[in-house]
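Peer 1: Have a look at this one.
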Amino acid sequence: MPAIDPKRVQFERRDVFQSSSAPSKPPRPKHGAKFLRGPIPLDWLSRAAALPGRSLHVAIAVWFMAGLKKTSVVPVSNITGLQFGLDRNAKYRALEWLEGADLISVERRIGRAPIVTIRDVPSEK
1 MPAIDPKRVQ
11 FERRDVFQSS
21 SAPSKPPRPK
31 HGAKFLRGPI
41 PLDWLSRAAA
51 LPGRSLHVAI
61 AVWFMAGLKK
71 TSVVPVSNIT
81 GLQFGLDRNA
91 KYRALEWLEG
101 ADLISVERRI
111 GRAPIVTIRD
121 VPSEK
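Be aware that the sequence shown starts at 1, since it is given in the working numbering, and climbs by one per residue.
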């Protein structure tokens with residue numbers, strides 16, 4: 001068996017962050033395009049990310065609607081859920097988990113979209 005020559009198996013070291021072709025700023029939405037409005041408290045987002053299923057998807061959908069309506073009380077319809085890759089059952093389960101984590105409160109109405117209120121989360125230091 002031939003010996004392995006270390007010079008033949010060396011990889012080039014490319015520093016990804018120092019590339020001259022990489023843009024210095026993150027991409028911005030085009031004029032008239034929808035976007036996620038912030039800032040979103042990191043403690044709130046971290047708690048939502050730790051929940052099961054599609055909870056983070058629903059959390060982002062709730063914040064998107066809140067930014068669109070410029071209020072913390074928003075309806076979350078099935079159409080909104082579909083924009084974020086959610087079917088209605090996943091949306092309802094995730095709303096229960098977010099409510100259980102005390103991140104939102106939900107007013108459920110028969111035959112209508114639930115009304116979601118984003119709650120403040122005290123920061124954990």
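We treat Cβ as the ideally placed atom computed from N, Cα and C, and that holds for glycine.
DSSP three-state call for residue 79: helix, strand or coil?
Peer 2: Looking at residue 79 - three-state DSSP - the assignment turns out to be helix.
Peer 1: So is residue 35 buried or exposed if we call it buried at 16+ other beta carbons inside 10 Å?
Peer 2: Per the 10 Å Cβ criterion, exposed.
Peer 1: I think residue 59 touches residue 86, with their Cβ atoms under 8 Å apart; what is that distance to the nearest whole Å?
Peer 2: Incorrect: roughly 11 Å between the Cβ atoms, too far for contact.
Peer 1: Locate the alpha helix (DSSP H) running through residue 40, then write down its first and last residues.
Peer 2: Premise fails: residue 40 is in no alpha helix (DSSP H) and is neither H nor E.
Peer 1: For the ligand ADP, any of its heavy atoms closer than 6 Å to the Cβ of residue 25?
Peer 2: Inclusion of the ligand ADP in the displayed structure is not the case, the ligand content being empty and no account of it being possible.
Peer 1: Taking its Cβ as the centre, do 16 or more other Cβ atoms sit within 10 Å of residue 25, making it buried, or is it exposed?
Peer 2: Classification for residue 25: exposed.
Peer 1: Within its chain, find whatever has a CB closer than 7 Å to the CB of residue 84; leave out the 5 residues flanking it on each side and keep chain order.
Peer 2: The residues are 57, 60 and 61.
Peer 1: Kindly list the residues whose CB is nearer than 6 Å to the CB of residue 8, restricted to its own chain and excluding five residues on each side of it in sequence; keep chain order.
Peer 2: Excluding positions up to five away in sequence, the list is empty.
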